[in-house]
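Below is one structure, written out as structure tokens; comments come after it.
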Amino acid sequence: MKYSNFYSVFVKLLILQSLAVVVRCDYDFFYFVQQWPGSYCDTSQGCCYPTTGKPASDFGIHGLWPNNDDGSYPSNCDPNNPFDPSQIQDLLSSLQAEWPSLSCPSSDGTSFWTHEWDKHGTCSESVLDEHDYFAAALALKSQANLLQALENAGINPNGSFYALSDIDNAIEQATGNKNYGYVSCNTDDYGNGQLYQVYICVDHSGQNFINCPTNGVTDQNCPSSVEFPSF
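Okay, so the sequence shown: first residue is 402 according to my numbering, each after it adds one.
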């Protein structure tokens with residue numbers, strides 16, 4: 402009888418553990434996040450260019466992050482599937498150009514990509530394996546072309562200030578969605594709000610821009626007039 406009770410409890414624990422993993426690693430959509438290097442560097446902490454040299458004056462990828470409709474998100478879903486550089490060798494030059502690391506000390510980007518895959522990518526591996534995950538992010542960046550969309554609206558990275566509403570409108574045009582996501586801002590040493598990151602909602606497959614399923618998400622830490630610094 403004691404053995405039977407122990408076995409029953411053991412099986413229940415395994416089932417609960419399995420359910421916890423399923424819940425933790427499920428997701429409803431992605432946030433595709435890009436950051437403006439000029440704003441990243443124009444802070445008290447500064448930045449370091451990659452070992453491959455100064456990136457282009459363009460938005461860089463920060464990540465492709467699984468999220469849930471209720472505002473929660475899974476993370477670090479599969480420690481048994483760590484980042485493997487050999488899986489993305491054919492994407493390496495594109496990643497260095499479009500997904501550079503600006504953190505210090507200077508690096509070739511591998512530690513950045515490792516972090517993004519281990520924390521976020523492993524939570525989407527039922528849909529996107531490692532190669533597909535990074536390829537999807539690169540394709541989304543090309544599809545949105547944020548810098549071109551902003552410049553088409555007369556919003557240029559030259560240190561000028563622009564209405565946040567105009568920035569939102571330009572990104573809406575680029576994505577084709579009124580509720581595309583949101584903009585987040587940081588501040589420079591003078592306290593000016595800067596256009597820093599753009600969050601765009603992407604469907605479960607990681608391929609298509611969508612209207613965000615979350616409610617009440619607004620631009621983060623942004624004044625009504627936002628600086629777009631040069632880089």
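Even for Gly, the Cβ is constructed at its ideal location relative to N, Cα and C. Keep in mind the model is a prediction, meaning the values are calculated, not measured.
Just checking my contact of L465 with F431 at CB under 8 Å: how many whole Å lie between their CB atoms? For the purposes of this step, residue 465 is identified with residue 64 of the sequence shown, where counting begins at 1. For the purposes of this step, residue 431 is identified with residue 30 of the sequence shown, where counting begins at 1. Contact between L465 and F431 holds: CB atoms are separated by about 5 Å, below the 8 Å threshold.
Secondary structure at Q446, three-state DSSP: helix, strand or coil? Position 45 of the sequence shown, counted from the first residue, corresponds to residue 446. Correct three-state label for Q446: coil.
Roughly how many angstroms lie between the CA atoms of T576 and A545, to the nearest whole one? Here the question's residue 576 lines up with position 175 in the sequence shown. Here the question's residue 545 lines up with position 144 in the sequence shown. Roughly 6 Å between the two C-alpha positions.
Provide the residue span of the beta strand (DSSP E) that contains L492, from first to last. Here residue 492 corresponds to residue number 91 of the sequence shown, with the count starting at 1. Run containing L492: none; DSSP gives neither H nor E here.
Excluding sequence positions up to five away, which residues of its chain have a Cβ less than 7 Å from the Cβ of Y583? For the purposes of this step, residue 583 is taken as residue 182 along the sequence shown, with counting starting at 1. Around Y583: Y600, V618, T619, D620, Q621.
By the 10 Å Cβ neighbour count, where 16 or more other Cβ atoms means buried, how is Y597 classified, buried or exposed? Counting from one through the sequence shown, the residue named residue 597 turns up at place 196. The residue is buried, with at least 16 neighbouring Cβ atoms inside 10 Å.
In the DSSP output, which residue or residues are listed as bridge partners for C602? Within the sequence shown, residue 602 is the residue found at index 201, counting from 1. C602 is bridged to Y432.
Buried or exposed for S440, going by 16 or more other Cβ atoms inside 10 Å? In the sequence shown, residue 440 corresponds to position 39, counting from 1. Burial of S440 is indicated by the presence of at least 16 other C-beta atoms within 10 angstroms of its C-beta.
Tell me where the alpha helix (DSSP H) around A571 begins and ends. Numbered from 1 along the sequence shown, position 170 holds the residue referred to as residue 571. Annotation for A571: the continuous alpha helix (DSSP H) segment containing it runs 565-576.
If contacts are defined as beta-carbon pairs under 8 Å, then N468 and Y428 qualify, I think. What distance do you get, rounded to the angstrom? Residue numbering aside, residue 468 sits at position 67 when the sequence shown is read from its first letter. Residue numbering aside, residue 428 sits at position 27 when the sequence shown is read from its first letter. At roughly 6 Å, the Cβ-Cβ gap stays under 8 Å, so N468 and Y428 are in contact.
List the whole-angstrom C-beta distance separating N580 from C613, where the pair is believed to meet the contact cut-off of C-beta under 8 Å. On the sequence shown, residue 580 is found 179 positions in, with the first residue counted as 1. On the sequence shown, residue 613 is found 212 positions in, with the first residue counted as 1. Beta-carbon to beta-carbon, N580 and C613 are separated by about 5 Å, close enough to satisfy the 8 Å threshold.
Can you find at least 3 beta carbon pairs, one from the region 489-500 and one from the region 563-571, that sit closer than 8 Å? With the cut-off at 8 Å, the region 489-500 and the region 563-571 do not touch.
Tell me whether P501 is buried or exposed, calling it buried when 16 or more other Cβ atoms sit within 10 Å of its Cβ. Along the sequence shown, read from residue 1 onward, the residue named residue 501 stands at position 100. Flag for P501 reads buried.
May I ask you to report which of helix, strand or coil DSSP gives L503? For this step, residue 503 is matched to residue 102 along the sequence shown. Shown here, L503 sits in coil according to DSSP, grouped into three states, outside any helix or strand.
Count the CB pairs spanning the region 583-595 and the region 528-542 that are closer than 8 Å, and state whether there are at least three. With a cut-off of 8 Å, the region 528-542 and the region 583-595 do not count as touching, because too few Cβ pairs lie within range.
Report buried or exposed for T452, applying the criterion of at least 16 other Cβ atoms within 10 angstroms of its Cβ. Taking the first residue of the sequence shown as position 1, residue 452 is located at position 51. By the Cβ-count criterion, T452 is exposed, with fewer than 16 other Cβ atoms from all chains shown falling within 10 Å of its own Cβ.
Here's the rule: buried if 16 or more other CB atoms are within 10 angstroms of the residue's CB, otherwise exposed. What is C586? One-based indexing of the sequence shown puts residue 586 at position 185. A residue is called buried once 16 or more other Cβ atoms fall within 10 Å of its Cβ, and C586 is buried on that count.
Does DSSP classify N541 as helix, strand or coil? Mapped onto the sequence shown, residue 541 falls at position 140. Checking the sequence shown, residue 541 turns out to be Leu, not Asn. L541 falls in the helix class under three-state DSSP.
Beta-carbon proximity list for G510, same chain, < 7 Å, skipping 5 on both sides: Stepping through the sequence shown from its first residue, residue 510 is reached at position 109. The beta carbon of G510 sits closer than 7 Å to the beta carbons of P451, L496, Q497, W500, P501, S502 from its chain, once the five residues preceding and following it are set aside; these are given in chain order.
Nearest residue (CA-CA) to N481, options C602, E526, S625, L539: The count along the sequence shown starts at 1 and reaches residue 481 at position 80. Cα-wise, what sits closest to N481 is E526.
Report the CB separation of L547 from Q436 in whole angstroms; it is logged as a contact under 8 Å. Indexing the sequence shown from 1 puts residue 547 at position 146. Indexing the sequence shown from 1 puts residue 436 at position 35. The pair is not a contact, with the Cβ atoms about 10 Å apart (cut-off 8 Å).
Could you give the residue range of the beta strand (DSSP E) that holds L529? As a working mapping, residue 529 is identified with position 128 in the sequence shown. Element bounds for L529: n/a, residue is neither H nor E.
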